[in-house]
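Quick note: the sequence shown uses the numbering used here, first residue 824, plus one each step. From the three backbone atoms N, C-alpha and C, an ideal C-beta is built for every residue, glycine too. Following: one structure in structure tokens, then a few remarks.
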Amino acid sequence: MPRRERPLDVEAGPLLDFATKLRKLREQAGSPTYRDLARRAHYSIATLSGAAGGRQLPTLDVTLAYVRACGGDEREWERIWRRTAAECAAGPAPERSEETACAPYVGLKPFQQADAGMFFGRESLTDRLAEHLKKKRLLVLLGASGSGKSSVLRAGVLPRFPADLTLVFTPGPDPLEECAIQLAARAGIAPGPLRADLAAEPRTLHRLVRQILARSPETRPEIRPESRQESQPESRQELLLVVDQFEEVFTQCGDAEERDAFVASLLHAAQTPDSRCRVVLAVRSDFYTHCTRVPGLVDVLADAHVPVGPMTVDELRAAIVRPAARAGLTVEGALLAALTTAAHGRPGTLPLLSHALRETWHRRRGNALTLAAFQAAGGFEGALAQTAEDLYSGLSDTQQRIARQLFLRLIALGEGTEDTKRRVPRQELDDTSDVAHVLEQATRARLLTVDRDRVEITHEALIGCWPRLGRWLGEDREHLRLHRALTEATAIWESLDHHPDSLYRGVRLAAVRDLPEDVLTARERAFLDASVRAEEAEALRVRRYLRRLRRLVAALVALLVCAVTAVGVAVHFQRISVAQRNQAVALKAVDTSADLRIRDLSLATQLALTAHRLKPGKHSRSGLFNVMSRRLSSHVHSLSVTRDGRTLAVAYDDDRLELWDLEDPRNPALLSHRDSRGEDVGLALVTFSPRGNFLAGVGWKGEIRLWDVSDLRRPRVLSVFPTGHKDYVFSLDVSPDGRMIATGSYDDTVRLWDVADPARPRFLKRLTGHTGNVKPVAFSPDGSTLASGSDDRTVRLWDVRNARHARLITVLGGGHQDFVDALAYSRDGHSLLTGSDDGTARLWDLTDARHPMRGRLSGHTSVVTSVGYAGPDGRTAVTASRDGTVRIWNTTDLAHPVERDMLALSSGGFFAVLPLPSRGTIVTHSQDGAVDIWNTDLSWTLTHACGQVRTPISRAEWSRHFPGLDYRPPCVGRTRPGHSALGRDSPGARTPAQEGQWLSRRSPAHGTA
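Here's what the structure looks like:
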């Protein structure tokens, strides 16, 4: 049988009440034995039984382990423990105002020079820093926030130098101005011109230091008598310049040029051969990387930096015990053990240690600092949070809201680093009694420091140790950034005497109007109200202007309509009959010219020119383009052109591969010829990489071949590898960076390949989801997206930025009623053009995720086999169809595309159309295997067409083709016998060069199966 617990004493008290509650909790858990509790809590039986013995208060850790083993509420018991610890602490704490002056610990504030007598534990580091400064002129002191950098400099290093030869400041948002103010005060000059000199010339700081040192002690009233005795002769005196919290040049200074100028001045003052200055920079270690990005500073860091590490156990004991001993106090051994255990090996805990000791001192028992008083203060980390919570809970609701906004305003949000404190001018805060009260109470609790006209958080340890402040920071950091920007804009507006050009407008104004009203100060509300009024006034002015403009335009339009109507009615009926006759004659002449193109090019050209003169329009232009086209080759199975349009690859039915120079598209030149007959390659598709350094092809066997075409006259095979598809490969495309290949197949899949090294391609990913044959695939211009079309009548967009984890972005459906056979991205990647078996092409707006479908390109009467974009602005679309036409569209308005021109074959249809980067030039691949080069630049066509005319059209031929019209041959005096402008009959013929834009686009070589 387990031994029964000793009954508790009858006398009431906080310890007995606490023990009674623990025993009751154990009973509610089923009265487990202490042996069982020890196994669950991982504490000894004696420790757990003693916790409920009522003789002494157990530690918080033991209490929580006991509660956890019994299944209790740990948060509730932590509150019970703290309340009991407070009740057990010795008597009521004396009034702080009576004792603050003689407190042996400084709390959150760093030690100052005046506190040197109470500064212990850092003697070794202080000696090392002083020795460093004797040998070198630059010291960069690196340490975590809370490691004691400021204290060791101010209370350790500075007392070893004459007071009149030291200068300490923090950079703040304007480091040059702060430096100028501090130096000007020593030199007795105005700071305004000095700031400008520091920004313009790095040597200014060095010169000013020498000027300060040159002043005799008698002219320096700030020198104390004892300092004068210790002063060296002027020729040996040097100024110690300490820049504390140097990380503020990154967190608060937004001007990179000012930051660089400030650092350059400091480095020059320390490094110049006749330097009279030693410079100390105290910077948080998490900003070391930022320092390496500053010109000049990165070069000296390795030799100048000294790290500040955590204090040893002996140093911690000295920092705890020796200040107390000097004040006539003792430190309980248990308290010393608890504090050294909590602080040892933990960088950045010294402010917490100092604050906990100060709060323990406030709750001391006689002359003893006890563990109970320490626990009543909240413990090592809880003391700071408890102080902040005590402050917050003692405020009214209105004052609590003000306290929240005040503390948030005093924090600079980190960008890749921890949040830091921010020093703000007093004028940035509202001047109300509630704000003054909050500031007074927070300053009295030593959470805030008010120095002259500046307010700041006493130490950044508060940011990490006060849970409530952490929740405030995490609730909406974006709003905090907007609010910080609004505060800065308000300061600029006030500095410019409320100039209207500095007000918010448009997007910035819309963003800050969502900020809650209660977070803004009166200054910020005035700025925001002025911005709203200015925008409303501007909108009113614009509306009035537009109203007047519309009235004026309407009046002009009305007058124009009246004039046009009067003229039009007079000639309308006459023109109708002439136009109808001319249209009929012109259409017939265009059809005839197409039939005569091969047999009699001279006559065909004259018929097309006369038809265009009679009835200019799409059909007549088509006839002209047709007779001026150049046939390059026949029996072609696939083709591709480089992005610059200078090289054309042609794959023939008999396994031949040719590369052509298209620098002059009207006179192409054969670069190389590769005959693979006998190798059974069976090239079905070819396509160039965007940079034109390799050519990719797919054969009938399902193999991908990569050729090195860096030497266009000697292409060579880099690699041959299987596609892995289980059915016919319909399409192939190369990413814009040339590092990835995508293939689409009738096995309903898309496959991705890594060809960063074309000689060693690697399979990346198999994309599934289509429920029918995958036909066209195409990469977006930035290479982040892949589009695939399918017989399932949909287009799928894939995110391929990480190809091995490619994912589906969206499915574009409902646009086509039949198979999707072709697609192409616009130059900017914002729109997509698709072609289908339903005889239409569709435009898709990829910037509108909810309603992407836009215009429908109708006009073809058969399968749309190829699509592409042309023109420098990417607003011209080109579509090819098995109906024997290529149509050119203006897609400026995606919802309402307009057909601009048309190319027509006399028979058969088109497989592919490739716009080149030359103005109006395209290459087509027709169903009969022919490759033709077309020039759709009307001005060039009209200029050069007569070069194909050998003899003028006879009167008999004119009467047969243009009955009832006066005989007017189109090329009288401009014929060139035996010459062909485009070289249809003589491939080597030359024509005038044509300036302009060349269009480029690759499409599949086949239509639907």
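| message | Beta-carbon within less than 6 Å of Gly930's beta-carbon, same chain only, minus the 5 sequence neighbours each way: which residues are those? | response | Position 107 of the sequence shown holds residue 930. If we look at Gly930 and ignore the five residues flanking it on each side, its Cβ neighbours are Ser1177, His1178, Arg1181 and Arg1269.
| request: Return yes when the Cβ of Leu887 is within less than 8 Å of the Cβ of Trp900, no when it is not. | output: Taking the first residue of the sequence shown as 1, we reach residue 900 at position 77. Taking the first residue of the sequence shown as 1, we reach residue 887 at position 64. Contact flag set, yes.
| Rounded straight-line distance, which links the Cα of Ala1265 to that of Leu883 | On the sequence shown, position 60 is the one that residue 883 refers to. On the sequence shown, position 442 is the one that residue 1265 refers to. The straight-line gap from Cα to Cα measures roughly 28 Å.
| message | If you measure between the beta carbons of Thr1546 and Thr1566, is that distance less than 8 Å? | response | Taking the sequence shown and counting its residues from 1, one reaches residue 1546 at position 723. Taking the sequence shown and counting its residues from 1, one reaches residue 1566 at position 743. For Thr1546 and Thr1566, yes; Cβs fall inside 8 Å.
| In three-state terms, what does DSSP make of Lys959? | Start at 1 with the first residue of the sequence shown, and residue 959 comes out as number 136. The answer is coil: DSSP assigns Lys959 none of H, G, I, E or B.
| task | For Ser1416, collect the residues of the same chain with a Cβ closer than 6 Å to its Cβ; drop the 5 residues on either side in sequence, then sort them by chain order. | result | In the sequence shown, the residue the question calls residue 1416 occupies position 593. For Ser1416, where only same-chain residues beyond five positions count, the Cβ hits under 6 Å are Ala1427, Leu1430, Ala1431, Gly1446 and Val1450.
| query | Of the choices Arg1698, Arg1742, Asp1716 and Tyr1692, whose alpha-carbon is the least far from that of Arg1735? | reply | Translated into the one-based positions of the sequence shown, residue 1735 becomes position 912. Per the sequence shown, the amino acid found at residue 1735 is Ala instead of Arg. Nearest C-alpha to Ala1735: Tyr1692.
| message | Once the 5 residues before and after Leu1631 are set aside, which same chain residues still bring their CB inside 7 Å of it? | response | To locate residue 1631, count along the sequence shown from 1; it is residue 808. Excluding its 5 nearest sequence neighbours in each direction, Leu1631 has C-beta neighbours in its own chain below 7 Å: Gly1592, Arg1619 and Trp1621, listed in chain order.
| Buried/exposed call for Gly816, threshold 16 Cβ in 10 Å | Absent from the model: residue 816. The displayed extent of the chain is 824 to 1832, so no value can be given.
| query | Thr1112 by DSSP, collapsed to three states: which one? | reply | One-based indexing of the sequence shown puts residue 1112 at position 289. In the structure shown, Thr1112 sits in a helix (DSSP, three-state: H, G or I).
| request: With a 10 Å radius around its C-beta and 16 neighbouring C-beta atoms as the bar for buried, classify Ala1013 as buried or exposed. | output: Counted from its first residue, the sequence shown places residue 1013 at position 190. Ala1013 comes out exposed.
| task | Look at the alpha carbon of Leu1609 and the alpha carbon of Gly1561, and state the distance between them as a whole number of angstroms. | result | Within the sequence shown, residue 1609 is the residue found at index 786, counting from 1. Within the sequence shown, residue 1561 is the residue found at index 738, counting from 1. Cα-Cα distance, rounded: 14 Å.
| query | Any chance the region 967-981 sits against the region 929-945, with 3 or more Cβ pairs inside 8 Å? | reply | yes
| task | Name the one or two DSSP bridge partners that Ile1913 has. | result | Outside the displayed range of the chain (824 to 1832) lies residue 1913, so it cannot be described from this structure.
| field | Spatial neighbours of Pro994 in its chain, beta-carbon cut-off 8 Å, leaving aside the 5 residues before and after | value | Start at 1 with the first residue of the sequence shown, and residue 994 comes out as number 171. Closer than 8 Å at Cβ, skipping near neighbours: Glu1001, Cys1002, Val1066, Gln1068, Phe1069, Glu1071, Val1072, Gln1075, Cys1076 and Phe1085.
| request: Have a look at Val1384 and His1719 and give me their C-alpha separation to the nearest angstrom. | output: Position 561 of the sequence shown, counted from the start, is the residue given in the question as residue 1384. Position 896 of the sequence shown, counted from the start, is the residue given in the question as residue 1719. For Val1384 and His1719, the distance between alpha carbons rounds to 26 Å.
| task | With distances taken Cα to Cα, identify the nearest neighbour of His1458 among Ile903, Asp1020 and Val1754. | result | Walking along the sequence shown from the start, residue 1458 turns up at place 635. It is Val1754 whose Cα lies nearest to the Cα of His1458.
| Roughly how many whole angstroms lie between the Cα atoms of Thr1240 and His1091? | Your numbering for residue 1240 matches position 417 in the sequence shown. Your numbering for residue 1091 matches position 268 in the sequence shown. Rounded to the nearest angstrom, the two C-alpha atoms are 29 Å apart.
| field | Segments of 3+ residues assigned as beta strand (DSSP E) that fall wholly inside the region 1454-1539 | value | For the region 1454-1539, whole beta strand (DSSP E) runs of length 3 or above, ordered along the chain, are 1459-1464, 1470-1475, 1479-1484, 1492-1498, 1506-1511, 1517-1522 and 1526-1531.
| Length of the line joining the Cα atoms of Ile1023 and Glu946 | Within the sequence shown, the letter at position 200 stands for residue 1023. Within the sequence shown, the letter at position 123 stands for residue 946. Per the sequence shown, residue 1023 should be read as Ala rather than Ile. Near 41 Å, if we compare the C-alpha coordinates of Glu946 and Ala1023.
| Mind checking whether Leu1680 and Ala1700 have CB atoms under 8 Å apart? | Here residue 1680 refers to the residue found at position 857 when the sequence shown is read from its first residue. Here residue 1700 refers to the residue found at position 877 when the sequence shown is read from its first residue. Closer than 8 Å, so yes.
| task | Drop a sphere of 10 angstroms on the beta-carbon of Ile1286, count the other beta-carbons inside from all chains shown, and report buried for 16 or more, exposed for fewer. | result | Taking the sequence shown and counting its residues from 1, the one referred to as residue 1286 is at position 463. Label assigned to Ile1286: buried.
| request: Would you kindly check if the distance between the Cβ of Val963 and the Cβ of Ala1093 is under 8 Å? | output: To locate residue 1093, count along the sequence shown from 1; it is residue 270. To locate residue 963, count along the sequence shown from 1; it is residue 140. For the pair Ala1093 and Val963, the CB atoms are not nearer than the 8 Å cut-off.
| said: Rounding to the nearest angstrom, what Cα-Cα distance links Arg1807 and Asp1467 in this structure? | reply: By 1-based counting over the sequence shown, the position of residue 1807 is 984. By 1-based counting over the sequence shown, the position of residue 1467 is 644. Note on Arg1807: pLDDT 37, under 50, position unreliable in the model; the coordinate value appears next. Linking Arg1807 to Asp1467 through their CA atoms gives a straight-line distance of about 25 Å.
| task | Compare the C-alpha of Pro1849 against each of Ala1629, Gln1750 and Ile1756 and name the closest. | result | Limits of the chain in this structure are 824 at one end and 1832 at the other, which puts residue 1849 out of reach.
| message | Does Ala913 come out as helix, strand or coil in the three-state DSSP assignment? | response | For the purposes of this step, residue 913 is identified with residue 90 of the sequence shown, where counting begins at 1. A caution first: Ala913 carries a pLDDT of 43, below 50, which makes its placement in the model too unreliable to give a value.
| field | C-alpha distance - Ala967 paired with Ala1165, whole-angstrom precision | value | Start at 1 with the first residue of the sequence shown, and residue 967 comes out as number 144. Start at 1 with the first residue of the sequence shown, and residue 1165 comes out as number 342. For Ala967 and Ala1165, the distance between alpha carbons rounds to 17 Å.
| message | Using 8 Å for Cβ pairs, my map puts Val1690 next to Ala1645. What's the rounded Cβ distance? | response | For the purposes of this step, residue 1690 is identified with residue 867 of the sequence shown, where counting begins at 1. For the purposes of this step, residue 1645 is identified with residue 822 of the sequence shown, where counting begins at 1. Their Cβ separation, rounded to whole angstroms, is 5 Å, which keeps Val1690 and Ala1645 in contact under 8 Å.
| said: Restricting to Cα atoms, I'd like to know which of Ser1554, Arg878, Pro982 and Arg1616 is closest to Leu952. | reply: Taking the first residue of the sequence shown as 1, we reach residue 952 at position 129. When each option's Cα is compared against that of Leu952, the closest is Pro982.
| query | Is it the case that the Cβ atoms of Val1123 and Asp1083 are separated by a distance below 8 Å? | reply | Start at 1 with the first residue of the sequence shown, and residue 1123 comes out as number 300. Start at 1 with the first residue of the sequence shown, and residue 1083 comes out as number 260. No, they are not a contact pair.
| Count the other CB atoms within 10 Å of the CB of Leu1438; is the residue buried (16 or more) or exposed (fewer)? | Here residue 1438 is taken as the residue at index 615 of the sequence shown, counted from 1. First, the amino acid is wrong: residue 1438 is Lys here, not Leu. That one is buried.
| Quick one: is Gly836 buried, meaning 16 or more other Cβ sit within 10 Å of its Cβ, or exposed? | Along the sequence shown, read from residue 1 onward, the residue named residue 836 stands at position 13. Exposed, since its Cβ has fewer than 16 Cβ neighbours within 10 Å.
| task | Please classify Leu838: does DSSP put it in a helix, a strand, or coil? | result | If you number the sequence shown from 1, residue 838 lands on position 15. Helix, per DSSP.
| Local conformation of Ser1809 per DSSP, three classes | For the purposes of this step, residue 1809 is taken as the residue at position 986 of the sequence shown. Low confidence applies here, because Ser1809 scores a pLDDT of 35, under 50, leaving its location unreliable; read the following figure in that light. Residue state, collapsed to three classes: coil.
| In terms of DSSP beta bridges, what is Asp1755 paired with? | As a working mapping, residue 1755 is identified with position 932 in the sequence shown. DSSP lists Arg1454 and Thr1747 as partners of Asp1755.
| query | Name the DSSP bridge partner or partners of Cys1100? | reply | Residue mapping note: residue 1100 aligns to position 277 of the sequence shown, counting from 1. Leu1062, per the DSSP bridge assignment.
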